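Colleague: Would you mind keeping the following structure in view while I ask a few things?
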Amino acid sequence: MPVVDLPDFLSSVARRDASSQVSLLLFQAIMFAAVVYIDSDYCTERGYENRKAMRKEFFEKVRLLYHFDVEPDRIARLQALLLMTYWYERADDEKDTWHWTGIALSQIHVMGIHRSPEQLSISPKAKRGRKRIWWSCYVRDRLLALGIRRPARIRPDTFNVPDLTMEDLEMEPFDDAVMSFFGKPQITDSATQRGLMLCFLELTKLCVHIGDILFSQYSVLNNDISKADEKITMMVVPKKSAQQMQDMEKCDLKLRDWIQNLESPCRYKAGQVRETAPGRSALHLHQALLYMIYLTSAAILHRPQAQRLDESSGDDITTRRSADKIADAAGGITQVVYDLHQRDQLRFASTSAIPALLSAILIHLNDIASSRQDARYASIGQFYQCWQAIQSLRDMYASADHVIWFLEAVIQRTNVNIPMLNLAPLNNSRRRKIVKRNQKARKSDEAAEKGTQVARAEDRIALDASNSLITPETIGSEPVGTQSLGESSTGIRKDASNMESQCFIDTLNDPWTDFDAEANLLQALVHFDADPNFFPVSSIGPQEREILPLQSAYY
């Protein structure tokens, strides 16, 4: 996210004198964002339990500086806010990534950054900076909508900022003070600079297509508008109109055009020899993450249509093609994370990898639940590769914890048989310990809500992540899913013939009674991104809400 003029910022840090100062708020925000790239050993040597704990402490510094209003410069405040959008701790946190994105966008509108800077009487450098800030906010808005099922805030007709160009992203040469202080960082390599700039440029184009997908294929519904504490979630509302089908075809064509015309330095190549040149490993990581976002976009585009599989309609071929593309996307995501794991780069993955992994795992679980053995065996290996990837990200992101807990609850409730995966249900005493631990992390005004709601929630969900880490090598699996999304898949998938267009469950009764998990639940989880109706929230206390990544962010 190129919100900062890096040569100027690093020069101010390297000089360490009064001639060039840097915003304290912005400095701490950059330090917070950089924790992702710190080795775990470095964190533990300095007294932190893990990178997640270190990241939390650094964010608290940024948050306090922001709330104390220590930064008078509005641009610096805005830059810091955009970096703060990478924060997420728990699902019921009111000031999560969605909160900070909203504040950043509000300030952008106040400052007029959503308007073209061409007519402003400011320097060309300042104009380029405003464009970079706008498109960084635009990318965050689209990626959050893609990953957390919240509506995109930025409408296409509410801004007129020109598209980014390479000229807007080009950096001035780093001065000698930077080279001496930082020891020639990888970003100073010209090929790496160009590759990273192109990756962000292509990401902005992809995010435009993501916006088209979200606005044309999805509607925003509030699952219970009578509850003030319920958060709006983005739910699939299947449309069977010709217009919806035409929009899907147009979006699919745009995605195919984007991937086919992707600049060579941005293309992800699976299985290539590990790069040793300076900065090339960083470029490979960004190529992989860009490709994962593309695969996730393709999956959400085709979910509404794939839901109609086996309905008696004339567009059955189109429906099956959509189902195939969803499965191919899941296989592609699995291949990318396996490659990053082999290169020891998965630990540097951004938060966008988590919703992608969740989507892929749900699809693999659906195939594992299939009665066809060939489909089961192919999906078990891919499940373990994604499972290990999510486990490794728990050291960094709290959202990975929520995804693991949610998936364990789904697996246990649906009785999906996954070889060598042991998920021990919690006994009552251990449940009470977890409830007590979670209560300490909550605000005092939430404690009164536990009561009978807690007991009911405890009966619904059994969680334990302690014995979940099983490597794919344990079962001798190899990554699959190399097939192009433009081709027909040969994998075997379960039909969704029994799945209703909308699923509503009585929250006063046990939603799992008389529910055919193999035929209905996993299909619905895949196509609806875990509709909150499957885990009714009205009967769950605040300390249990954090296990449900359904009502809030995966970031």
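For the sequence shown, full-length UniProt numbering gives the first residue as 1, with consecutive numbering after it. Virtual Cβ for every residue (Gly too), placed ideally from N, Cα, C. Given the structure is predicted, the values throughout are model-derived calculations rather than measurements.
1. State yes or no: is the C-beta of Met245 nearer than 8 Å to some heavy atom of the ligand GTP?
2. Is the distance from the Cβ of Glu71 to the Cβ of Leu24 below 9 Å?
3. Suppose you measure from the CA of Leu198 to the CA of Glu170; what does that come to, to the nearest Å?
4. Using the rule of at least 16 other Cβ atoms within 10 Å of the residue's Cβ for burial, across every protein chain shown, is Pro2 buried or exposed?
5. Where does Ser40 sit, in a helix, a strand or coil, going by DSSP?
6. What is the DSSP secondary structure of Ser123, reduced to helix, strand or coil?
7. By DSSP, does Ser219 sit in helix, in strand, or in coil?
8. Quick check on Asp141: does DSSP put it in helix, strand or coil?
9. Rounded to the nearest angstrom, what separates Asn261 and Leu206 at their Cα positions?
10. With C-beta atoms as the reference, is Phe32 less than 9 Å away from Leu64?
11. Are Leu346 and Ser392 touching if we call contact CB-CB under 9 Å?
12. Going straight from the alpha carbon of Tyr330 to that of Ser19, what length do you get?
13. Would Ala104 pass as a contact of Leu120 if the rule is Cβ separation under 9 Å?
14. What is the rounded straight-line gap between the Cα of His364 and the Cα of Ile380?
15. Go ahead and label Asn422 buried or exposed: buried means 16 or more other beta carbons lie within 10 angstroms of its beta carbon, across all protein chains shown.
16. When you compare only the Cα positions, how much space is there between Ile411 and Arg115?
17. Taking 8 Å as the limit between beta carbons, can you name the residues of its chain near Asp168, skipping five residues before and five after?
18. Should Phe68 be labelled buried (16 or more other beta-carbon atoms within 10 Å of its own) or exposed?
19. Report yes if the C-beta distance between Thr296 and Gln305 is below 9 Å; otherwise report no.
20. If distances are taken between C-alpha atoms only, which option among Asp252, Pro185, Gln186, Lys184 comes closest to Ser216?
21. For Glu45, which of helix, strand or coil comes out of DSSP?
22. Within 10 Å of its beta-carbon, does Ile154 have 16 or more other beta-carbons around it, so buried, or fewer, so exposed?
23. Hey, could you find the ends of the alpha helix (DSSP H) Gly331 is sitting in?
24. If distances are taken between C-alpha atoms only, which option among Gln79, Val36, Ile122, Glu89 comes closest to Ser136?
Modeller: Walking through what the data contain:
1. With respect to the ligand GTP, the structure shown offers nothing to examine, as it has no ligands at all.
2. Locating residue 71 in the sequence shown gives position 71, where the first residue counts as 1. Locating residue 24 in the sequence shown gives position 24, where the first residue counts as 1. A contact, by the Cβ cut-off of 9 Å.
3. Taking the first residue of the sequence shown as 1, we reach residue 198 at position 198. Taking the first residue of the sequence shown as 1, we reach residue 170 at position 170. Distance between the alpha carbons of Leu198 and Glu170 is about 10 Å.
4. Locating residue 2 in the sequence shown gives position 2, where the first residue counts as 1. It counts as buried.
5. Numbered from 1 along the sequence shown, position 40 holds the residue referred to as residue 40. Ser40 falls in the helix class under three-state DSSP.
6. Translated into the one-based positions of the sequence shown, residue 123 becomes position 123. Three-state DSSP puts Ser123 in coil, outside helix and strand.
7. To locate residue 219, count along the sequence shown from 1; it is residue 219. In this structure, Ser219 counts as strand in the three-state DSSP scheme.
8. Position 141 of the sequence shown, counted from the start, is the residue given in the question as residue 141. Correct three-state label for Asp141: helix.
9. Translated into positions along the sequence shown, residue 261 becomes position 261. Translated into positions along the sequence shown, residue 206 becomes position 206. Spanning the two alpha carbons is a distance of roughly 12 Å.
10. Residue 32 sits at position 32 when you count from the first residue of the sequence shown. Residue 64 sits at position 64 when you count from the first residue of the sequence shown. Their beta carbons are not under 9 Å apart, which means Phe32 does not touch Leu64 by this criterion.
11. Along the sequence shown, read from residue 1 onward, the residue named residue 346 stands at position 346. Along the sequence shown, read from residue 1 onward, the residue named residue 392 stands at position 392. Taking 9 Å as the Cβ cut-off, Leu346 and Ser392 qualify as a contacting pair.
12. Here residue 330 refers to the residue found at position 330 when the sequence shown is read from its first residue. Here residue 19 refers to the residue found at position 19 when the sequence shown is read from its first residue. Per the sequence presented here, residue 330 reads as Ala, with Tyr not at that position. In a straight line, the C-alpha of Ala330 is about 52 Å away from that of Ser19.
13. Counting from one through the sequence shown, the residue named residue 104 turns up at place 104. Counting from one through the sequence shown, the residue named residue 120 turns up at place 120. No.
14. The residue you call residue 364 lines up with position 364 of the sequence shown. The residue you call residue 380 lines up with position 380 of the sequence shown. Cα to Cα, His364 sits roughly 7 Å from Ile380.
15. Your numbering for residue 422 matches position 422 in the sequence shown. By the Cβ neighbour-count rule, Asn422 is exposed, with fewer than 16 other Cβ atoms within 10 Å of its own.
16. Counted from its first residue, the sequence shown places residue 411 at position 411. Counted from its first residue, the sequence shown places residue 115 at position 115. Roughly 48 Å between the two C-alpha positions.
17. Counting from one through the sequence shown, the residue named residue 168 turns up at place 168. So the qualifying residues of the chain are Arg128, Lys131, Arg132.
18. Indexing the sequence shown from 1 puts residue 68 at position 68. Phe68 should be labelled exposed.
19. The residue given as residue 296 occupies position 296 in the sequence shown. The residue given as residue 305 occupies position 305 in the sequence shown. No Cβ-Cβ contact shorter than 9 Å links Thr296 with Gln305.
20. Here residue 216 is taken as the residue at index 216 of the sequence shown, counted from 1. Considering only alpha carbons, the answer is Asp252.
21. The residue you call residue 45 lines up with position 45 of the sequence shown. Looking at Glu45 - three-state DSSP - the assignment turns out to be helix.
22. The residue you call residue 154 lines up with position 154 of the sequence shown. Buried, because 16 or more other Cβ atoms sit within 10 Å of the Cβ of Ile154.
23. As a working note, residue 331 is residue 331 in the sequence shown. Unbroken alpha helix (DSSP H) run through Gly331: 316 to 342.
24. Position 136 of the sequence shown, counting from 1, holds the residue named residue 136. Per the Cα distances, Gln79.
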